[in-house]
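Asker: This is the structure, below, for whatever I ask next.
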Amino acid sequence: NAGVTQTPKFRVLKTGQSMTLLCAQDMNHEYMYWYRQDPGMGLRLIHYSVGEGTTAKGEVPDGYNVSRLKKQNFLLGLESAAPSQTSVYFCAISGFSGPSYEQYFGPGTRLTVT
Amino acid sequence: GQQLNQSPQSMFIQEGEDVSMNCTSSSIFNTWLWYKQDPGEGPVLLIALYKAGELTSNGRLTAQFGITRKDSFLNISASIPSDVGIYFCAAPKTGTASKLTFGTGTRLQVTL
């Protein structure tokens with residue numbers, strides 16, 4: 004998975020609980036992304052970052068927050084988990100030498116909210 | 098809009114058969130990407146296409162950037178059991194530096 008790791012791999016939360024998902028890369032890529040994948044819906048972009056200290060909203064940002072304090076790490080937070088946030092979450096990176104559409108994905112985090 | 102429609106949604110094939118799938122849109126793109134996702138894993142980039150009409154191979158996989166720039170095709174020759182998985186096409190969102198739109202995938206299952 005091109006030097007992209009995600010922590011944790013699995014998690015079960017109760018409604019209202021909070022958690023943070025960590026994405027770490029050792030590839031020195033500028034761009035990092037968080038996606039969610041639901042059955043029959045492909046991959047949908049939650050938030051992304053074009054560099055250290057920057058974040059931006061994707062197509063489904065509600066209920067999530069992100070931070071990129073260090074270039075190699077991109078954190079996805081759920082402040083108050085809801086059952087609708089049950090999904091598989093993928094981190095991706097791109098842009099080793101400028102903007103690039105070639106994204107490389109981590110192994111995913113499977114989250115269940117009960 | 099920028100929706101990518103993949104066809105077929107799923108397919109069963111015999112080992113050794115050739116496979117064809119496609120991705121279409123009503124929008125024009127300058128880049129097409131094809132990913133494969135194994136069960137329980139993240140998507141892996143297979144092929145990237147940057148020019149209309151371009152034909153690019155990666156082992157038994159061949160992808161084509163449609164001449165209209167509204168579609169792309171992926172072919173797998175002589176399929177083997179490890180070809181099982183979901184194949185996604187992706188293309189850049191209009192006006193963005195690096196964001197992608199993904200298709201909903203073609204699920205490939207191979208019977209021996």
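Keeping their order, the protein sequence lines are chains A and B.
The working numbering numbers the first residue of the first sequence as 4 and each following residue consecutively.
The working numbering numbers the first residue of the second sequence as 98 and each following residue consecutively.
Ideal Cβ placement from N, Cα and C applies to all residues, glycine included.
Only counting the same chain, and skipping five residues up and downstream in sequence, which positions put a Cβ closer than 7 angstroms to that of B:G139?
Answerer: none
Asker: Residues of the stretch 88-115 of chain A in Cβ contact with chain B at a cutoff of 7 angstroms, in chain order, please.
Answerer: F93, S97, G98, P102, S103, Y104, E105, Q106, Y107, F108, G109, P110, G111
Asker: Is there a Cβ from chain A that is less than 9 angstroms from the Cβ of B:E279?
Answerer: A query on residue 279 of chain B cannot be resolved here, the shown segment of chain B reaching from 98 to 209 and no further.
Asker: Suppose the cutoff is 6 angstroms on Cβ atoms and the five residues either side in sequence are ignored; what does the same chain contact list for B:V144 look like?
Answerer: It is Ile, not Val, that sits at residue 144 of chain B in the sequence shown. Correct list, in chain order: W131, T153, N155, A160.
Asker: Would you call B:I173 buried or exposed, if buried means 16 or more other Cβ atoms sit within 10 Å of its Cβ?
Answerer: With 16 or more Cβ atoms within 10 Å of its Cβ, B:I173 is classed as buried.
Asker: Rounded C-beta distance between B:A187 and B:T198? I'm assuming under 8 angstroms.
Answerer: 7 angstroms
Asker: Return the CA-CA distance between B:F170 and B:C120, expressed in angstroms with no decimal places.
Answerer: 6 angstroms
Asker: Here's the rule: buried if 16 or more other CB atoms are within 10 angstroms of the residue's CB, otherwise exposed. What is A:T112?
Answerer: buried
Asker: Is A:I49 buried or exposed, if buried means 16 or more other CB atoms sit within 10 Å of its CB?
Answerer: buried
Asker: In whole angstroms, what separates the C-alpha of B:L205 from that of B:G113?
Answerer: 13 angstroms
Asker: Report, in whole angstroms, the separation of the C-beta atoms of A:T58 and A:R71, which I expect to be a contact under 8 angstroms.
Answerer: 6 angstroms
Asker: In whole angstroms, give me the CA-to-CA distance for B:G150 and B:L142.
Answerer: So the alpha carbons of these two residues sit roughly 20 angstroms apart.
Asker: Using C-beta distances below 8 angstroms, list every residue in its chain close to B:P189, excluding the 5 sequence neighbours before and after it, in chain order.
Answerer: F126, N127, T128, S195, K196, L197, T198
Asker: Buried or exposed for A:S83, please, with buried defined as at least 16 other CB atoms from any protein chain shown within 10 angstroms of its CB.
Answerer: With fewer than 16 other CB atoms across the displayed protein chains lying within 10 angstroms of its CB, A:S83 is exposed.
Asker: Going along chain A, which residues have a C-beta under 8 angstroms from B:G182?
Answerer: Near B:G182 there are no residues of chain A at all, since even the closest Cβ is about 13 angstroms away, more than 8 angstroms.
Asker: Could you tell me which whole beta strand (DSSP E) segments of length 3 or greater appear in the stretch 131-176 of chain B?
Answerer: 141-146, 152-155, 158-162, 168-173, all fully within the stretch 131-176 of chain B.
Asker: Tell me the DSSP secondary structure of B:S217 in three-state form.
Answerer: Outside the shown range of chain B, which is 98 to 209, sits residue 217 of chain B, and nothing can be said about it.
Asker: Should A:Y118 and A:Q9 be called a contact, given that it needs their Cβ atoms to be closer than 9 angstroms?
Answerer: This structure leaves residue 118 of chain A out entirely; chain A is present only between 4 and 117.
Asker: Examine chain A for any beta-carbon lying closer than 9 angstroms to the beta-carbon of B:A145, and answer yes or no.
Answerer: yes
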